[in-house]
Amino acid sequence: MSSYSSPSGFTRILPQLSPQAAPRLGIGQRWLVFAAAIFLIVAPVFIEAPLVRTFPWLSLSLTVVGLGVGLWLMSRPAAQIWGDLLIGFSWIWLSGSIYWGWWRWEPLLHLPIEAVALPIVLACLLSQKGKVGSYFYLGSLLGTTVTDIYFYWVDLIPAWRQLMQAEPSTVHFVLQAALDQMNTAQGIRCAEILLISLLIFGLPPLKSKQLHWWAFSGAVLSTILVDSLFFLAALLA
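Per my numbering, residue 594 is the first one in the sequence shown, and the count goes up by one each step.
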């Protein structure tokens, strides 16, 4: 078996950041990483979501492409930061392809599958490699956890299952029932608490000069945007 099949094995092929790509750069670079992190969380809503339903294996195979391009960029000193971020995004794409392609009917498996790359990410952090992509992945995982907590807290899990199996003609009724539940006093209170939690986790890292914290912040705060988009889509439906 290849040594790359283990989390620690993967870290061996990740290069150390060169001096030109040191993770403490100017404010402009930090904002670029922050904006890229937001884009890479929001974009799959419009790209991966429709692709994975129709062509799940194609979506899954694109993970290899993302990892390959990410490793290639990391081998180039001037582009190492972007390759690092792309590798972190590839783990998010991988877990999304697995869950939404084959397991979307079972919400209890959502978070465990989203965490499928966690051992690799932790191994990267222990070896002091791939910090930007790893923190980006962890920020995304944290955002996913908060969103799932809301579904459990407001008892929207039955609606999740119904929505994944509903005929197009009945989707409206499922969404309307879920919205009615969200618009209760408990639903609004829970949303406020979890929104504040995301802000508490997402805003303080922006005080750091280290790029990996900005990638983490972008991933966490973009959860608010993605959840808002889903809420808007439910309203329009």
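The beta-carbon is built from N, C-alpha and C at its ideal position, and this holds for glycine as well.
Small disclaimer: the values here were computed from a predicted structure and weren't measured.
| message | The alpha helix (DSSP H) that contains P643, what's its start and end? | response | 641-647
| said: Starting from D748, trace the alpha helix (DSSP H) in both directions and tell me its first and last residue. | reply: Counting along the chain, D748 falls outside any alpha helix (DSSP H), and DSSP gives it neither H nor E.
| said: Among F682, D741, Y743, L715, whose alpha-carbon lies nearest the alpha-carbon of G726? | reply: F682
| request: List the endpoints of the continuous alpha helix (DSSP H) containing V767. | output: 764-775
| said: With H, G and I counted as helix, E and B as strand and the rest as coil, what does DSSP make of G780? | reply: helix
| Simplified DSSP state of S810, which is helix, strand or coil | helix
| field | Reference L644, options L625, L678, G694, closest by Cα | value | G694
| request: Quick one: using the 10 Å Cβ neighbour count with 16 as the cut-off for buried, is I789 buried or exposed? | output: exposed
| message | I need the boundaries of the alpha helix (DSSP H) containing L678, first residue and last residue. | response | 673-691
| Apart from the five residues just before and just after F766, which ones in its own chain have a Cβ nearer than 6 Å to its Cβ? | none
| said: Do W807 and F632 have their beta-carbon atoms positioned less than 8 Å apart in this structure? | reply: no
| query | Could you give the distance in angstroms between the alpha-carbon of K724 and the alpha-carbon of P700? | reply | 29 Å
| field | Which of helix, strand or coil DSSP assigns to K724 | value | helix
| query | What residues in its chain sit with their C-beta under 7 Å from that of G795, if we drop five residues either side in the sequence? | reply | S810, V813, L814
| field | Cut-off 7 Å between Cβ atoms - residues of its own chain near Y743, not counting five sequence neighbours on either side | value | C783, A784, L787
| Considering only C-alpha positions, which residue in the set S688, L702, L756 is nearest to T656? | S688
| request: Taking the CB atoms as reference points, tell me whether I706 and Y728 lie closer together than 8 Å. | output: no
| So I685 packs on Y745, CB below 8 Å; how close in whole Å? | The pair is not a contact, with the Cβ atoms about 21 Å apart (cut-off 8 Å).
| said: Could you tell me the alpha carbon to alpha carbon distance between Q673 and L756, rounded to whole angstroms? | reply: 41 Å
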